[in-house]
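Visitor: Residue numbers (my numbering): 4 to 154. Okay, handing you the structure first.
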């Protein structure tokens, strides 16, 4: 009786395993579209690695260190902090959203700045200082960024 109780579940596993093997071994139909390998599509590859997989270098800046980073102007006067990053549908960095003005976040407003307008400096403690060569008057006149298009 013990042999039957052990053999029955084992037999079921073998049967299921054989069925799964047969299903997995089936070839996709010729009607199914086939995608080219990612390495053959230039837009999907990293210039350094030649594949879609990217390795961090010493010059790269992680968003986790950038968001919340202090923003200063050309004279090292604190003008705000990085609040968010705006990416295009293709994944390109479109803008860096800054929180400016206010005291300790109260009364602050947001502006979106072109990434090329910023210089990012890595501090010895690995934090990031962001420099935006602008004046307080230019910041006050900058159009306010509002999170209106969020899904």
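All C-beta atoms, glycine included, are put in the ideal place defined by N, C-alpha and C. All values reported here derive from a predicted model rather than from experimental measurement.
To the nearest angstrom, how far is it from the Cα of residue 64 to the Cα of residue 88?
Guide: So the alpha carbons of these two residues sit roughly 13 Å apart.
Visitor: Would a check of beta-carbon distances place residue 68 closer than 9 Å to chain D?
Guide: Absence of chain D from the displayed structure is noted, only one protein chain being present.
Visitor: Going straight from the alpha carbon of residue 102 to that of residue 92, what length do you get?
Guide: 23 Å
Visitor: Which residues in the same chain have their Cβ closer than 6 Å to the Cβ of residue 28, if we skip the five residues on either side of it in sequence?
Guide: At residue 28 the pLDDT is 47, less than 50, meaning the model places this residue with poor confidence and gives no usable figure here.
Visitor: What are the boundary residues of the beta strand (DSSP E) that residue 102 is part of?
Guide: 96-103
Visitor: Roughly how many angstroms separate the alpha carbons of residue 99 and residue 135, rounded to a whole number?
Guide: Between the alpha carbons of residue 99 and residue 135 lies a gap of roughly 11 Å.
Visitor: Indicate whether the contact test is met: 3 or more Cβ pairs, each with one atom in the stretch 68-78 and one in the stretch 105-114, closer than 8 Å.
Guide: no
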